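J.: Count along the sequence shown starting at 1, add 133, and that's the number in the working numbering.
Note that beta-carbon positions come from the ideal geometry of N, C-alpha and C, so glycine has one too.
Just so we're clear, the structure is a prediction, and the values are computed from it rather than from any experiment.
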Amino acid sequence: MKAVIVRDFGGPEVLELAEVDRPEPGIDDVLVRIHAAGICYHDVLSRGGKIPGGQPGRVLGHEIAGEIVAAGADVPAARVGERVVLYQRLFCGACRHCLAGRQDLCRNSRVLGEHGGGGYAEYACVPARNAIVIPDGLDMTAAALAVCPVGTSVRAALEVGGLAPGQVVLITGAGGGLGLHQIQVAKCVQARVIAVTSSRDKAEIVRDAGADEVIVAPDLKFSGDVWRLTAKQGADVVLENVVTGTFGESLRSCAQQATVVVLGNIGAQRVDLDPGLVIMRRIRIAGSGNATFKDVQVALHLLAAGAVKPFIGRVLPFPQAAEGHALMERRAVTGRVVLAGW
Ligand SMILES: [Zn+2]
Ligand SMILES: [Zn+2]
134 MKAVIVRDFG GPEVLELAEV DRPEPGIDDV LVRIHAAGIC YHDVLSRGGK IPGGQPGRVL
194 GHEIAGEIVA AGADVPAARV GERVVLYQRL FCGACRHCLA GRQDLCRNSR VLGEHGGGGY
254 AEYACVPARN AIVIPDGLDM TAAALAVCPV GTSVRAALEV GGLAPGQVVL ITGAGGGLGL
314 HQIQVAKCVQ ARVIAVTSSR DKAEIVRDAG ADEVIVAPDL KFSGDVWRLT AKQGADVVLE
374 NVVTGTFGES LRSCAQQATV VVLGNIGAQR VDLDPGLVIM RRIRIAGSGN ATFKDVQVAL
434 HLLAAGAVKP FIGRVLPFPQ AAEGHALMER RAVTGRVVLA GW
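1. Just how far apart, CA to CA, sit C231 and V293?
2. Per the contact definition of three or more C-beta pairs closer than 8 Å, is the region 264-284 in contact with the region 389-399?
3. Should D237 be labelled buried (16 or more other beta-carbon atoms within 10 Å of its own) or exposed?
4. Judging by CA-CA distance, which residue of G299, G143, S332, G343 is the nearest neighbour of H314?
5. So Y174 is in the beta strand (DSSP E); what residue range does that whole segment cover?
6. Whose CA, out of G234, V217, V218, lies closest to the CA of C225?
7. Thinking C-beta only, is V147 closer than 7 Å to A277?
8. Which partner residues of L148 appear in the DSSP bridge assignment?
9. Under a Cβ-count criterion, where at least 16 other Cβ atoms within 10 Å of its own Cβ denotes burial, should A297 be classed as buried or exposed?
10. Applying the criterion that 16 or more other CB atoms from any shown protein chain within 10 Å of the CB defines a buried residue, is A391 buried or exposed?
11. Relative to the C-alpha of L193, which candidate in V404, P452, L410, V329 has its C-alpha closest?
12. Report the rounded CA-to-CA distance for D369 versus C387, giving the unit in angstroms.
13. What whole-angstrom Cβ distance do Y372 and V302 have, given they're in contact under 8 Å?
14. Mind checking whether S242 and L223 have CB atoms under 7 Å apart?
15. Are the Cβ atoms of V280 and V429 separated by less than 7 Å?
16. DSSP three-state call for L396: helix, strand or coil?
17. When the Cα of W475 is compared with those of R191, R325, F355, G252, which residue comes out closest?
18. If you measure between the beta carbons of A257 and V163, is that distance less than 7 Å?
19. Report buried or exposed for K335, applying the criterion of at least 16 other Cβ atoms within 10 angstroms of its Cβ.
20. Please state whether DSSP places S296 in a helix, a strand or coil.
21. Starting from V411, trace the alpha helix (DSSP H) in both directions and tell me its first and last residue.
22. What whole-angstrom Cβ distance do A432 and G284 have, given they're in contact under 8 Å?
Structure below.
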């Protein structure tokens with residue numbers, strides 16, 4: 134089959150079209166003909182050798198939608214023909230986290246594309262339980278984003294943040310791939326969205342995504358504006374997609390008993406924390422990451438209902454994966470770059 138492989142760690146030019154063996158489904162697996170694969174910033178880091186454990190020669194990509202074309206002996210034959218999105222993590226299914234429905238926490242798991250078997254290929258082979266049916270009427274290119282970034286946004290805003298109707302949510306890095314989806318997820322539960330972006334160019338798209346207020350803060354100072362916009366009440370939930378250079382301001386923007394959800398690590402640097410502020414306002418700081426199956430189901434529902442519109446900046450054929458990576462790296466597109474067609 135055709136695939137785009139990482140020849141070696143390096144710039145986008147190391148992504149190369151190649152002929153590789155088509156995987157054979159084991160008894161519990163399904164073979165999926167891939168229709169669309171999103172390019173995640175994670176893939177860009179992985180290609181550059183910045184994700185531990187990665188090896189050259191593999192196929193990247195964990196945002197995969199396609200059609201089941203073959204099934205192993207223990208998989209119901211009726212599954213062949215299903216349109217599916219792939220849960221991005223291969224998990225053990227037997228540990229205490231998996232059994233509690235938190236496959237994202239499984240210590241014996243790996244992400245598709247990290248050690249091969251990724252989405253920049255004609256086919257992928259996964260355990261049948263990883264293949265989640267796409268609702269009728271939702272196209273595959275949009276569905277490819279259901280796990281990450283939309284599912285990740287559902288997890289952060291609704292599950293970890295516990296966002297409820299009428300609450301105020303502050304979203305940093307609001308013009309990024311996660312931020313634009315988080316705004317829409319927050320509006321689904323009728324929260325009031327205050328969005329922060331450092332770039333004036335992104336203010337309009339952030340507003341179009343549904344933000345109630347947009348703060349343009351090239352100097353990353355925004356807590357004063359949040360205070361003013363909330364009559365000194367602050368934000369109940371903060372979705373921190375940036376952290377580097379913004380974390381202190383996020384804490385200062387918090388309402389009493391707020392939750393700060395940490396998703397971003399843009400500069401991969403340590404941050405200052407004022408314990409007095411955290412104690413006085415009873416602030417909770419919580420990390421968030423991959424979506425669970427439940428989050429993916431919610432994401433698919435919101436996408437199919439049209440409540441969340443996927444931000445797709447560019448659709449490119451698979452052999453142009455290198456161009457897609459270059460666009461991502463230069464931040465030359467707003468929204469996801471999705472690979473579809475050969
Ligand atoms: Zn991703
Ligand atoms: Zn497990």
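T.: Let's see:
1. Within the sequence shown, residue 231 is the residue found at index 98, counting from 1. Within the sequence shown, residue 293 is the residue found at index 160, counting from 1. In a straight line, the C-alpha of C231 is about 18 Å away from that of V293.
2. no
3. As a working mapping, residue 237 is identified with position 104 in the sequence shown. With 16 or more Cβ atoms within 10 Å of its Cβ, D237 is classed as buried.
4. Here the question's residue 314 lines up with position 181 in the sequence shown. Ranking the options by Cα distance to H314, first place goes to G343.
5. The residue you call residue 174 lines up with position 41 of the sequence shown. Segment 174-180 is the alpha helix (DSSP H) holding Y174; no beta strand (DSSP E) there.
6. Numbered from its first residue, the sequence shown carries residue 225 at position 92. Measuring from the Cα of C225, the nearest candidate turns out to be G234.
7. Locating residue 277 in the sequence shown gives position 144, where the first residue counts as 1. Locating residue 147 in the sequence shown gives position 14, where the first residue counts as 1. For A277 and V147, no; Cβs fall outside 7 Å.
8. The count along the sequence shown starts at 1 and reaches residue 148 at position 15. For L148, which the question treats as bridged, DSSP gives the partners V139.
9. If you number the sequence shown from 1, residue 297 lands on position 164. Burial call: exposed.
10. Numbered from 1 along the sequence shown, position 258 holds the residue referred to as residue 391. Label assigned to A391: buried.
11. Looking up residue 193 in the sequence shown gives position 60. Comparing Cα-Cα distances from L193 to each of V404, P452, L410, V329, the minimum goes to P452.
12. Within the sequence shown, residue 369 is the residue found at index 236, counting from 1. Within the sequence shown, residue 387 is the residue found at index 254, counting from 1. Each residue's alpha carbon lies about 6 Å from the other.
13. In the sequence shown, residue 372 corresponds to position 239, counting from 1. In the sequence shown, residue 302 corresponds to position 169, counting from 1. As written in the sequence, residue 372 is Leu, which differs from the Tyr given in the question. The Cβ separation is near 6 Å, so the contact holds.
14. Working through the sequence shown from its first residue, we reach residue 242 at position 109. Working through the sequence shown from its first residue, we reach residue 223 at position 90. Yes, Cβ-Cβ distance for S242 and L223 is below 7 Å.
15. The residue given as residue 280 occupies position 147 in the sequence shown. The residue given as residue 429 occupies position 296 in the sequence shown. Yes, Cβ-Cβ distance for V280 and V429 is below 7 Å.
16. Position 263 of the sequence shown, counted from the first residue, corresponds to residue 396. Residue state, collapsed to three classes: coil.
17. On the sequence shown, position 342 is the one that residue 475 refers to. Comparing Cα-Cα distances from W475 to each of R191, R325, F355, G252, the minimum goes to G252.
18. To locate residue 257, count along the sequence shown from 1; it is residue 124. To locate residue 163, count along the sequence shown from 1; it is residue 30. Not a contact, by the Cβ cut-off of 7 Å.
19. By 1-based counting over the sequence shown, the position of residue 335 is 202. Buried is the call here.
20. As a first step, residue 296 must be located in the sequence shown, where it is residue number 163. For the sequence presented, residue 296 should be read as Leu rather than Ser. Looking at L296 - three-state DSSP - the assignment turns out to be coil, as it is neither helix nor strand.
21. As a position in the sequence shown, residue 411 is number 278, starting the count at 1. 408-413 is the extent of the alpha helix (DSSP H) around V411.
22. Along the sequence shown, read from residue 1 onward, the residue named residue 432 stands at position 299. Along the sequence shown, read from residue 1 onward, the residue named residue 284 stands at position 151. Right, the Cβ-Cβ distance comes to about 4 Å (below 8 Å), so this counts as a contact.
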